[in-house]
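Have a look at the structure below before the remarks.
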Amino acid sequence: MQIKRLSLEIFGGCNFSCKMCPQGKDNNGRQQDFLKLLPFKLFEKILDDASQYGVQVVNIEGSGEATLNKHIVKYIEAVKKRDMLPLLYTNGLLVKGKLMHDMFNAGLYICRFSDIGYDAETYKNWMQIDAFNTIIKHANEALNYVQQQNIDAVISSYHLIIDNDRTEWEIEQYKKNFIEPAGTEAEIWKMHNWAGQIDSNTRQGTVSSCGRPFSPDLTIRAGGLNGKNGAVVPCCQTMGAPKESTSVLGHLQDNTIEEIFNGEEYNNLREAHTTGNYEQVPYCLDCDFLIHDPNVLVYTNNPERVKIGNMKATDISLRDLRF
0 MQIKRLSLEI FGGCNFSCKM CPQGKDNNGR QQDFLKLLPF KLFEKILDDA
50 SQYGVQVVNI EGSGEATLNK HIVKYIEAVK KRDMLPLLYT NGLLVKGKLM
100 HDMFNAGLYI CRFSDIGYDA ETYKNWMQID AFNTIIKHAN EALNYVQQQN
150 IDAVISSYHL IIDNDRTEWE IEQYKKNFIE PAGTEAEIWK MHNWAGQIDS
200 NTRQGTVSSC GRPFSPDLTI RAGGLNGKNG AVVPCCQTMG APKESTSVLG
250 HLQDNTIEEI FNGEEYNNLR EAHTTGNYEQ VPYCLDCDFL IHDPNVLVYT
300 NNPERVKIGN MKATDISLRD LRF
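In numbering that gives the first Met the number 0, the protein residues as written are 0 to 322.
So this is what it looks like as structure tokens:
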């Protein structure tokens with residue numbers, strides 16, 4: 000068994016309510032059991048367990064906003080201490096001042112700012128907060144800080160196309176209004192539907208296994224079922240009610256990674272993807288990650304690092320695992 004990336008959520012809640020996210024007030028939201036902080040001792044236990052499997056990077060979010068964990072710097076330090084690269088995907092509202100400095104000084108390698116909306120108006124509509132220019136400012140300040148301090152870190156941004164009929168126009172708006180002012184390494188994708196939980200019909204193509212059940216990638220939630228922590232799920236896409244709770248494959252509070260990986264639930268997931276019987280795993284049913292769309296990545300200004308199917312900062316290619 001090999002694990003090159005851990006998506007290890009350290010806080011399950013969020014301070015945004017975005018339209019395209021299950022956390023949003025207009026969607027089903029997350030069940031209370033998943034809106035938790037991952038205890039630091041369990042975080043370290045998981046890191047130590049995973050270290051024997053060749054982990055390269057640890058993404059300390061899972062879909063919650065990790066900066067809401069007041070001890071985030073300690074979590075980053077724990078990852079770095081084990082010679083793994085810490086990654087953070089964030090809405091960026093709190094990535095400023097001393098906290099921003101402390102995170103990069105602790106070893107944060109990639110900080111990716113999520114921005115859905117190519118100007119202040121569309122951002123406010125989709126992210127449900129008037130913070131477009133604030134996030135640009137925070138991203139630019141982070142970039143300036145790592146450059147001034149000569150820190151080996153990447154400042155990037157993530158964007159989604161809102162209207163597929165105006166893809167090229169939206170790309171230009173994102174570039175002009177966010178990417179260039181912020182100075183970020185950027186990627187723009189088509190919308191996805193969070194395992195069928197969000198109404199988004201943007202991908203077209205043949206259906207086949209996404210490859211995730213066979214990838215060296217492990218997704219772990221801060222919370223879990225029945226008050227537990229450290230729930231292992233198939234991937235980040237099953238976040239939110241009702242699929243998140245039904246997709247739990249085990250809890251690292253109770254078991255080791257090997258025990259869950261070789262357990263009944265995980266084996267059932269792999270069998271369903273091998274046979275194409277997705278009815279066997281209803282949490283995967285209707286997920287548009289099963290659709291092979293070679294045009295899902297519509298723009299990046301760093302094609303060497305950002306590629307379809309590649310897990311950031313690793314050599315994992317999900318495209319090679321599709322069948």
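All residues carry an ideal CB built from backbone N, CA and C; glycine is no exception.
Measure the alpha-carbon distance for residue i versus residue j and round it to whole angstroms.
i    : j    : result
I154 : N90  : 13 angstroms
D164 : W188 : 14 angstroms
D151 : Y157 : 20 angstroms
T299 : Q203 : 21 angstroms
H70  : M238 : 23 angstroms
D287 : Y74  : 32 angstroms
P215 : I59  : 17 angstroms
V57  : L251 : 16 angstroms
A77  : W168 : 43 angstroms
R29  : G223 : 11 angstroms
N132 : A221 : 30 angstroms
Q147 : K3   : 31 angstroms
K40  : D47  : 11 angstroms
CB-CB under 8 angstroms to residue i, same chain, minus the five flanking residues each way: which ones, in chain order?
i    : result
P233 : R211, P212, T218, S246, L248, L268, V280, Y282, C283
Q127 : F15, S16, C17, K18, G23, K24
I need the boundaries of the beta strand (DSSP E) containing residue i, first residue and last residue.
i    : result
V145 : Taken as a continuous stretch (DSSP letters only), V145 belongs to no beta strand (DSSP E), being part of the alpha helix (DSSP H) at 131–147.
L84  : 84–89
L248 : Segment: none, L248 is in no beta strand (DSSP E) and carries neither H nor E.
V231 : 230–232
T299 : 296–299
Specify, as a first and last residue, the run of the alpha helix (DSSP H) that residue i falls within.
i    : result
N58  : N58 -> not in any alpha helix (DSSP H); beta strand (DSSP E) instead, spanning 56–58.
T121 : 119–126
D32  : Unbroken run through D32: none, as it is neither H nor E.
S50  : 39–50
D101 : 96–105
R265 : A small fix is needed here, since residue 265 is Tyr in this sequence, not Arg. Note, Y265: alpha helix (DSSP H), 263–274.
I170 : 166–173
May I ask you to list the residues that DSSP assigns as paired with residue i?
i    : result
S156 : F112, A185
D216 : R4
E206 : For the record, residue 206 in the displayed sequence is Val; it is not Glu. DSSP, once it has assigned bridges, lists I290 as partnering V206.
For residue i, which residues from the same chain have a beta carbon less than 6 angstroms from its beta carbon, with the 5 sequence-adjacent residues on both sides left out?
i    : result
H100 : none
Among the residues of its own chain, which have a CB less than 7 angstroms from the CB of residue i, if the five just before and after it don't count?
i   : result
K79 : P85, A105, G106
Three CB pairs or more closer than 8 angstroms across the stretch 56–72 and the stretch 8–21
yes
How about the stretch 172–189 and the stretch 224–231: do they share at least three Cβ pairs that are nearer than 8 angstroms?
no
Check whether the stretch 257–267 touches the stretch 76–92, taking contact to mean three or more Cβ pairs, one atom from each stretch, closer than 8 angstroms.
no
I'd like to know if the stretch 115–125 and the stretch 170–178 are in contact, where contact means that at least 3 CB-CB pairs between them fall below 8 angstroms.
yes
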